[in-house]
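Some notes on the structure that comes next.
Numbering (mature numbering (1 follows the signal peptide of the UniProt record, and there is no 0)), first residue to last: -20 to -1, 1 to 112.
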């Protein structure tokens, strides 16, 4: 009988660790745009950027960029997620400036005057201004 109790305790610990990791991963993926601004205007529209690396001679240099609307996060109504293959970048953009359908841009600079990039350092959100 002691082995059964020990097994149950170990199973509970493993389940707790897995659940905590999933929750942490989900929180790290979501972002919000309620406090972001571009040129003193509210940047409330969440977008996801995906750099494309299509030049085999320069595999680490992005040749173009796809922007897509971010998906709602089921766990928080004011937070969003970027879904798709890595690398993905999070942006908050001015309303009505970026098309709602996937579009190729030559670089992230093409949306620099309309969006700010959201990054995480030490689990704190910070804003990186894009070049114009």
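By construction, the Cβ of each residue, glycine as well, lies at the ideal position given by its N, Cα and C atoms.
Beta-carbon within less than 6 Å of residue i's beta-carbon, same chain only, minus the 5 sequence neighbours each way: which residues are those?
i: residue 10; result: 53, 59, 61
i: residue 73; result: 23, 25, 27, 94, 95
i: residue 55; result: none
Whole angstroms are fine: how far does the CA of residue j sit from the CA of residue i?
i: residue 22; j: residue 65; result: 29 Å
i: residue 94; j: residue 28; result: 13 Å
i: residue 45; j: residue -18; result: 56 Å
i: residue 39; j: residue 19; result: 33 Å
i: residue 24; j: residue 36; result: 36 Å
i: residue 49; j: residue 77; result: 12 Å
i: residue 41; j: residue 47; result: 17 Å
Can you tell me the Cβ-Cβ gap for residue i and residue j, rounded? I've got them flagged as a contact below 8 Å.
i: residue 30; j: residue 68; result: 6 Å
Apart from the five residues just before and just after residue i, which ones in its own chain have a Cβ nearer than 7 Å to its Cβ?
i: residue 51; result: 60, 61, 63
i: residue 43; result: 32, 33, 34, 35
i: residue 13; result: 23, 24, 25, 26, 72
i: residue 75; result: 24, 25
Pull up the DSSP beta-bridge partners for residue i, would you.
i: residue 32; result: 44
i: residue 22; result: 17
i: residue 69; result: 29
i: residue 56; result: 53
Any idea if residue i is buried or exposed, counting beta-carbon neighbours within 10 angstroms, 16 or more meaning buried?
i: residue 97; result: buried
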